[in-house]
Each structure stands twice: as structure tokens, then as C-alpha cells.
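In our numbering, the protein residues as written are 931 to 1051. Accompanying notes for the structure given below.
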């Protein structure tokens, strides 16, 4: 997704990143199947990290615990969704919408305002 694509979806609203997103994108670059893909991914990451990064703090941890408990109480697994729950916790903590193209991993998280997008074809 290019910065122009993000601005179409978000308008004038501020954009924030999570350290979790940076970790996931860095991992994706580091395990790329060839150096060309790795360099493209690292260049994209460099552009993205111009946005401010939200900290993960004690309040984020409290939200995380509440979300994990709610998902478990609903009879769903939370253990394999740790990264997703950290991302959702940050969005909920700061009362932000959460931009993703992956509805299925986030749609059952209570209190999360999903903003979905699709890749341009």
C-alpha cells in the first residue's frame, strides 16, 4: 500500500504505527526469498516508519489482558493471536480505528473499530 492509498482511506486523520507492525514487516523483509524482494520490503518499511510509533505501555497491557480474556471466555483461541491482540489493544487504548485488509483476524475483537482496505489490482 502506497502512502497515497492510505491517505485516501484515512483522510486528514493521523496515522500511527505499532512496534508490532514494524517487527512483522522487518521479519518479512529479512526472510524474503531473494535480495531484490528484501530491498523492496526494506524500502517500504523505511517509508512507513516516518509515521509516529505508539508505545506499548502498562495501559496497553491491561487492554490486552481484557481482550485475551474476552476472546477466551467466548470460546475462541487467543494464544496464537498474540501479535494481533497487541495491535488491537493499542488501537482500542487510543480510541483509534484499525486499518487492515485482514478482516478474519480482527473481526471478533470486541471494541475494535475495523477499517478495511483491499490491494489495488
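Virtual Cβ for every residue (Gly too), placed ideally from N, Cα, C.
Do residue j and residue i come within 9 Å of each other at the CB atom, strictly closer than that value?
i	j	result
residue 1024	residue 997	no
residue 1015	residue 1001	yes
residue 1011	residue 1027	no
residue 971	residue 959	yes
residue 1013	residue 953	yes
What residues are listed by DSSP as bridge partners for residue i?
i	result
residue 1028	1044
residue 983	947
Work out the CA separation of residue j and residue i for me, nearest whole Å.
i	j	result
residue 1009	residue 946	25 Å
residue 1051	residue 979	Here residue 1051 scores only 49 on pLDDT, less than 50, and its place in the model should not be relied on; the value that follows carries that caveat. Near 25 Å, if we compare the C-alpha coordinates of residue 979 and residue 1051.
residue 967	residue 1041	36 Å
residue 938	residue 1043	18 Å
residue 964	residue 1037	34 Å
residue 942	residue 1029	14 Å
residue 1006	residue 999	10 Å
residue 1035	residue 940	21 Å
residue 995	residue 955	24 Å
residue 986	residue 944	18 Å
residue 973	residue 948	18 Å
residue 969	residue 975	10 Å
Alpha carbons only, please: which of the options is nearest the one belonging to residue i?
i	options	result
residue 1003	952, 1039 and 1047	1039
residue 950	1048, 1020, 1035 and 1047	1020
residue 989	981, 970, 1022 and 973	1022
Contact check, residue i vs residue j under 8 Å by CB: the rounded distance?
i	j	result
residue 1048	residue 1031	6 Å
Taking 8 Å as the cut-off, is the beta-carbon of residue i closer than that to any non-hydrogen atom of the ligand ATP?
i	result
residue 969	Among the ligands in the structure shown, none appear at all, so the ligand ATP cannot be discussed.
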